[in-house]
Each structure stands twice: as structure tokens, then as C-alpha cells.
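Before any comments, here is the structure.
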Amino acid sequence: DWDIHIQMADGADKPLMVNEGYWGPLDWSDDDKGLLVHRYISINESQVWLLDPKTGDKSQLNPREDPVSYGGAIFGPDAKDIYLVSDEETEFRKLRRWNLDTGRQEILTADISWDVSRLRLSPDGKTLAFTVNAGGADVLYLLNLETGDRQEITAPATGRLGGLHFRPDSGALAVDLNSA
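For the sequence shown, our numbering begins at 11 and goes up steadily by one.
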């Protein structure tokens, strides 16, 4: 079993979730009111839960009868939207925006017929970087969250991308590239 604990800088430990199965933290909201948690069941089925780190109360983000496979999930800059990756009602894992107030989701990569694999929000909350596994080689995209404009970034070589770390001023993105 994989549980979720809050480990404080002073060494104090607070068990937050003690459950059966594999559970792992995904992202913490900037307002400190929510923790996104991933529950892995199988390659074809997983769940995303919203957890209150103060009370331990949790709710499943998108409860469904049919299995859905989720990838990453992160809070948007205002903690009202969650950006997540899932294969719900699609062949591929799509990038989606889930609005917590309305419970509605929007597919942001409906036109891309490949799996979205990695997500990273810029420190200023204006840009979402994500990668798509296009036939074994990753393609990097930058999504402007204010305008909805999406830009494909040409990598220096074909291969697998990892890392995705923005500079603190959000002006540059570091990635690792395996082109072997």
C-alpha cells in the first residue's frame, strides 16, 4: 500500500491518507486548499481525487462507471481549473481543462491523435508546457492559458523529452532530450 503523508520541514509527519492500493500526490494548489491525488488501479484504469490537506476529506474528480486512464493533473493558476490528461471516451490520452466550479471539462488537444504524456505550468501561471508521444518521438507544445493559443516547439533532434522545468521568471523552459 502507498499512503500519502505531509512531511513538514521540522521533521513532523502527518499521515493524510491511509488506504489500500497505490495512491500518490500530483499537485498542491497555490491557495493551500487542495491536493490532487492519483489512484492507480491498472494501466487502463486510474482516478484523480481532490483532497483537503487540512481535513483529509476527499472527493473523486470525475466518478464514472467505465474505466478511465489518467496521466498527470495539475492545478491552474487560480485553483479553479485543473489541467489533466485522460483517455475518457477517446482512443488517446488528451489534455483537458476541468472547471471545479461547474464540473465541466473541455478537451484542449482534440485535434492531436497521440497521447499527451507530460505537463508543467509556468511559475507565472500563463503557460502550460506539455509533450505528446507522436509515434515514439515526443513533441513539445506551449499553451497560452490566457488566449488558448498553442505553439508546437521544434526540438533540436527527434527523441524522447523529459524534465520540463521553467525558469523562475517563466521566460525559458529546460527539457532533457534522449535522441539515442
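Ideal Cβ positions, reconstructed from N, Cα and C, are used throughout, including at glycine. Since we're looking at a predicted model, the values are computed, not measured.
- Distance check between Asp159 and each of Thr119, Ser79, Ile53, Gly82 places Thr119 closest, using alpha-carbon atoms only.
- In this structure, DSSP gives Pro35 an extended state, which the three-state scheme calls strand.
- Residue state for Asn188 is assigned as strand, using DSSP reduced to three classes.
- Nearest in C-alpha terms to Asp13, of all of Ala22, Ala19, Leu26, is Leu26.
- In this structure, Gly31 and Asp11 form a Cβ contact; the two beta carbons are roughly 6 angstroms apart against a cut-off of 8 angstroms.
- Unbroken beta strand (DSSP E) runs of no fewer than 3 residues, entirely contained in the region 17-70, are found at 23-27, 32-38, 45-52, 55-61, 68-70, following chain order.
- Within the model, the alpha-carbon separation for Lys68 versus Ala167 is close to 43 angstroms.
- In the three-state reduction of the DSSP assignment, Lys136 falls in the coil class.
- In this chain, the beta strand (DSSP E) harbouring Arg130 covers 125-131.
- Between Leu150 and Val185, the C-beta gap is smaller than 8 angstroms, which places the two residues in contact.
- For Val95, the uninterrupted beta strand (DSSP E) segment begins and ends at 91-96.
- Per the C-alpha coordinates, the member of Asp76, Lys64, Pro35 positioned closest to Asp41 is Lys64.
- Assignment of Val142 by DSSP, reduced to helix, strand and coil, places it in the strand class.
- The beta carbons of Asn109 and Lys136 sit no closer together than 8 angstroms.
- The criterion of a C-beta distance shorter than 8 angstroms is not satisfied by Arg128 and Glu116.
- Scanning His15, Ala83, Gln70, Asp91 for the CA closest to the CA of Glu156 turns up Asp91.
- Beta-bridge analysis with DSSP links Leu105 to Val95.
- Out of Ile163, Ile84, Ile53, the CA that lies nearest to the CA of Pro35 is found in Ile84.
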